[in-house]
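Below is one structure, written out as structure tokens, with a few remarks after it.
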Amino acid sequence: GIAAGRSGVLGATSGMAPEAGVIAIQVFQRVCSNCPIEAYDSDILAALDHVYSLRSTYSIASVNMSLGGDVYTQTCDASFPAYKAVIGSLRDANIATVISAGNDGNPSAISAPACLSNAISVGSTTKQNGISSFSNSTSFLSLLAPGSSVTSSVPLAYSAGGFLGASGTSMAAPHVAGAWAVLKS
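Residues in the sequence shown are numbered from 79 upward in steps of one, following the numbering used here.
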């Protein structure tokens with residue numbers, strides 16, 4: 079909804095790139111019935127490799143990754159060489175990898191894999207253009223985008239009207255991924 083939605087909750091509003099298409103790739107799974115959902119590095123890397131393999135078939139502007147792990151106070155390239163390599167390949171193919179910075183409220187660190195030097199890391203702003211209190215940030219954060227109280231589409235199982243409000247850097251990152259698609263078009 080945020081990156082490429084075609085209709086919005088306020089009538090004429092829509093996602094950042096309403097004419098763009100979306101290639102959805104599921105990387106999350108539930109290991110047990112009472113466990114939270116998880117995404118394994120191997121699945122995320124396979125998804126990024128798959129996007130790279132589609133570069134000649136589709137005009138792909140950006141990858142949106144709204145996920146995160148441990149926080150880092152400096153770039154984390156040495157800790158995640160496989161991510162660094164595949165994001166580098168995507169970047170060489172002119173595909174931006176946009177990753178949410180995390181929601182720990184840490185003013186001097188961001189989550190992995192947003193901490194990679196070749197990723198576009200995104201923190202969250204409020205409607206008053208301040209940094210959201212929950213948003214991670216650091217001197218090497220790439221961009222800030224709206225992420226507080228963002229209304230967007232959700233599955234009808236969550237809301238009969240199909241729209242709900244949410245806050246987080248996972249709301250901010252698709253603003254950037256969609257804007258990237260508009261700029262690339």
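Where is the CB? At the ideal position from N, CA and C, for every residue including glycine.
### Task
Tell me whether GLY166 sits in a helix, a strand or coil according to DSSP, three-state version.
helix
### Query
If you draw a straight line from the alpha carbon of ILE103 to that of ASN142, how long is it in whole angstroms?
10 Å
### Cβ-based neighbour list, LYS205, same chain, cut-off 8 Å, excluding 5 preceding and 5 following
PRO224, SER226 and SER227
### Close beta carbons around THR216, own chain, < 6 Å, minus the five adjacent residues each side
SER186, ALA187 and ILE188
### Query
So which of GLY239, ILE198, ALA235 and TRP258 has the shortest CA-CA distance to GLY247?
Reading off the sequence shown, one finds Thr at residue 247, where the question assumed Gly. Looking at the Cα atoms, ILE198 is the closest of the given residues.
### Query
Nearest to PHE106 by CA position, among PRO96, ALA125 and GLY99, is which residue?
ALA125
#### Entry: Whole-angstrom distance between VAL164 and SER211, CA atom to CA atom
32 Å
### Per-residue burial, HIS128 [other beta carbons within 10 Å of its own, 16 or more giving buried]
exposed
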